[in-house]
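First the structure, in the form of structure tokens, and then the observations on it.
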Amino acid sequence: ADQGKFWEMHDALFANQDRWNAQVTSNPRKVIDPLAASVGVDAQKYATCMTSQANLARIQAGMKAGNERGVGGTPTIFVGNQQVSRVGYDGIKKLVDSIIAANPKAAAPAMAPPAAK
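The sequence shown maps to residues 387 to 503 in my numbering.
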């Protein structure tokens, strides 16, 4: 994310999770480092970031917040304060729609249509 490549790296990590997870290697960096290069990050900045652990506090804070909410893995989805598991798009939409129906004032205002020319 520090180099503007968050989503590219995110996608590369998830697409290759079977190559770097703890079940297949005790050294995930041997897989992750080339993935970073493949998405176009500056190798020197990346190496410095990883070695210095510059974002470790932010990562640990996110893990702590997840643990406090009962997150057991990724992805985990929350709608409001309710954890949603294995319901797919239709289930999530139904839950969101029910929350909006119960709290209509909390719903975001609809966008106005574009002005006629």
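Glycine is no exception: its CB is placed at the ideal position from the N, C-alpha and C atoms.
Query raised in the report: Excluding five sequence neighbours on each side, which residues of the same chain lie with their C-beta closer than 8 Å to the C-beta of Gln389?
Result: Answer for Gln389: Val427, Asp428, Lys431, Tyr432, listed in chain order.
Requested in this report: Could you tell me which of Phe392, Lys391, Ala387, Leu421 sits nearest to Gln403, measuring between CA atoms?
Outcome: Checked all of Phe392, Lys391, Ala387, Leu421; the closest Cα to Gln403 is Leu421.
Query - Asn489 versus Gly458: straight-line alpha-carbon distance, rounded - result: C-alpha separation (whole angstroms): 29 Å.
Query - Secondary structure of Lys503, DSSP reduced to three states - result: For Lys503, the predicted structure reports a pLDDT of 48, less than 50, and the residue's modelled location is therefore unreliable. The matter cannot be settled from this model.
Query raised in the report: Does the separation of the CB atoms of Thr462 and Gln469 fall below 8 Å?
Result: Against a cut-off of 8 Å, the Cβ pair of Gln469 and Thr462 comes out as a contact.
Query - Classification of Ile418 by the beta-carbon crowding that lies within 10 angstroms, buried from 16 upward - result: Ile418 should be labelled buried.
Query raised in the report: Among the residues of its own chain, which have a CB less than 7 Å from the CB of Ser471, if the five just before and after it don't count?
Result: Beyond the five residues adjoining it in sequence on each side, Ser471 comes within less than 7 Å, by CB distance, of no other residue in the same chain.
Query raised in the report: Going by Cα to Cα distance, which pick from Thr411, Ala423, Ile478 is closest to Glu394?
Result: When only C-alpha atoms are compared, the closest one is Ala423.
Query raised in the report: Secondary structure at Gln389, three-state DSSP: helix, strand or coil?
Result: Of the three classes helix, strand and coil, the one that applies to Gln389 here is coil, per DSSP.
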